[in-house]
Amino acid sequence: KLVEASKRLAAYQAVKDHLDPSYTRVGIGSGSTVVYVVEAIAALGPAATADMVFYPTGAQSEELIEAAGLRLQYISKLTAGHQLDVAFDGADEVDDDLNLIKGGGACLWQEKIVATAAKKFVCVADFRKLSPRLGTSWKKGIPIEVLPMAALRVLDDLKRMGSHNPRVRPGLPGKAGAIVTDNGMWIIDAPFTPLLLPKDSDKSGIQLGNEDNGVWSVDALADRLIKIPGVAEIGLFYGKNGLQVASGAQKPVAAYF
Ligand code: DER
Numbered sequence: 003k004l005v006e007a008s009k010r011l012a013a014y015q016a017v018k019d020h021l022d023p024s025y026t027r028v029g030i031g032s033g034s035t036v037v038y039v040v041e042a043i044a045a046l047g048p049a050a051t052a053d054m055v056f057y058p059t060g061a062q063s064e065e066l067i068e069a070a071g072l073r074l075q076y077i078s079k080l081t082a083g084h085q086l087d088v089a090f091d092g093a094d095e096v097d098d099d100l101n102l103i104k105g106g107g108a109c110l111w112q113e114k115i116v117a118t119a120a121k122k123f124v125c126v127a128d129f130r131k132l133s134p135r136l137g138t139s140w141k142k143g144i145p146i147e148v149l150p151m152a153a154l155r156v157l158d159d160l161k162r163m164g165s166h167n168p169r170v171r172p173g174l175p176g177k178a179g180a181i182v183t184d185n186g187m188w189i190i191d192a193p194f195t196p197l198l199l200p201k202d203s204d205k206s207g208i209q210l211g212n213e214d215n216g217v218w219s220v221d222a223l224a225d226r227l228i229k230i231p232g233v234a235e236i237g238l239f240y241g242k243n244g245l246q247v248a249s250g251a252q253k254p255v256a257a258y259f
């Protein structure tokens with residue numbers, strides 16, 4: 003109950019603070035928190051959203067937009083050189099620098115495409131998601147979208163990089179075999195020890211550049227994961243502290259808890 007109330011509070015506050023009436027293009031993420039974002043937008047009334055189109059990040063997001071009676075548009079139709087005004091999405095974990103783990107709902111690839119197409123990316127998350135370092139509370143691992151035929155190769159690479167028991171995400175009851183994403187891919191969840199931030203290198207004396215002991219910083223791990231052959235996209239989004247972005251993810255503007 004408390005969690006749902008926190009999600010709803012965060013969502014209504016985020017829409018109030020970051021959905022300007024002049025906006026026309028709005029990205030909508032996936033998961034259970036973003037349900038309240040759509041609810042808050044719909045609650046503004048048809049006049050407020052009459053000039054807005056909403057871009058989904060997968061099947062669930064598309065259904066949310068349609069069920070709320072909001073106008074649907076697809077990122078594949080976004081004119082070259084144009085951007086969304088804002089994108090709202092949830093997260094599985096948020097660290098001190100607003101870096102995110104995303105992909106708990108297996109929608110990370112389209113989520114990152116929409117997030118990086120927006121001028122402003124707003125992460126909406128309840129209090130459970132905030133933790134000092136990524137991997138502290140979200141123990142399931144970093145979600146990685148992979149080409150099914152490359153899955154075993156990717157698992158080998160992840161184990162060599164120090165991931166503890168990476169595995170292909172199994173289907174839910176009623177679906178034998180692996181989960182298949184909206185893009186026909188599989189998800190591998192790759193647990194690592196909590197990911198370090200630039201401010202950790204002086205304190206712990208660990209040189210962030212060398213990760214052969216399985217201890218990684220957010221940016222170094224992201225740069226390495228995205229290059230593994232067979233990896234389509236990774237569930238690491240970057241925060242506000244100027245980390246170099248390997249996959250072009252937008253810097254979250256704010257996280258609401
Ligand atoms: O899969 C995703 O990336 C979702 O946005 C997820 O990270 C948040 O889902 P939740 O709002 O249901 O916790």
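Each residue of the sequence shown is one higher than the one before, starting from 3 at the first, in this note's numbering. Every residue, glycine too, gets a C-beta built ideally from N, C-alpha and C.
Judged by DSSP secondary structure, residue 188 falls within the beta strand (DSSP E) whose first and last residues are 188-192.
Taking one beta carbon from each stretch, the segment 64-83 and the segment 97-111 have fewer than 3 pairs nearer than 8 angstroms; the two do not touch. Taking 7 angstroms as the cut-off, the beta carbon of residue 16 is found closer than this to the beta carbon of residue 126.
Residue 109 is bridged by DSSP to nothing; it lacks a bridge partner. In this model, residue 14 and residue 30 are separated by some 14 angstroms (Cα to Cα). DSSP places residue 27 inside the beta strand (DSSP E), whose first and last residues are 27-30.
Relative to the ligand DER, residue 110 has its C-beta within less than 6 angstroms of a heavy atom. Nearest C-alpha to residue 5 among 66, 202, 131, 234: 131.
Nearest in C-alpha terms to residue 160, of all of 183, 232, 173, is 232. With 16 or more other Cβ atoms inside 10 Å of its own Cβ, residue 187 counts as buried. DSSP, read as helix, strand or coil, puts residue 132 in strand. Of all alpha-carbon atoms in 230, 191, 90, 74, the one lying nearest the alpha-carbon of residue 237 is that of 191.
According to the DSSP assignment, residue 158 belongs to no beta strand (DSSP E) but to the alpha helix (DSSP H) extending over 153-162.
Take residue 133, set aside five residues on each side of it, and the residues of its chain with a beta-carbon closer than 6 angstroms to its own are 95, 139, in chain order. Around the beta carbon of residue 185, fewer than 16 other beta carbons sit within 10 angstroms, so the residue counts as exposed. Per DSSP, residue 57 lies in no alpha helix (DSSP H); the unbroken beta strand (DSSP E) holding it starts and ends at 55-57.
About 7 angstroms separates the beta carbon of residue 199 from that of residue 98, a gap short enough to meet the 8 angstroms contact definition.
In the structure shown, residue 88 falls within a strand segment according to DSSP collapsed to helix, strand and coil. Only residues of its own chain outside the window of five on either side were considered, and among them 40, 41, 43, 44 have a CB closer than 8 angstroms to the CB of residue 70, listed in chain order. For residue 67, the enclosing alpha helix (DSSP H) has its first and last residue at 61-69. Distances between the C-beta of residue 138 and the heavy atoms of the ligand DER are all 6 angstroms or more. In this structure, residue 118 has its beta carbon at no less than 6 angstroms from each heavy atom of the ligand DER.
Residue state for residue 181 is assigned as coil, using DSSP reduced to three classes.
Using a Cβ distance threshold of 7 angstroms, residue 20 and residue 116 do not count as a contacting pair. For the ligand DER, a non-hydrogen atom lies closer than 6 angstroms to the CB of residue 35. In the same chain as residue 9, and ignoring 5 residues on each side of it, the C-beta atoms closer than 6 angstroms to its own belong to 35, 38, 128, in chain order.
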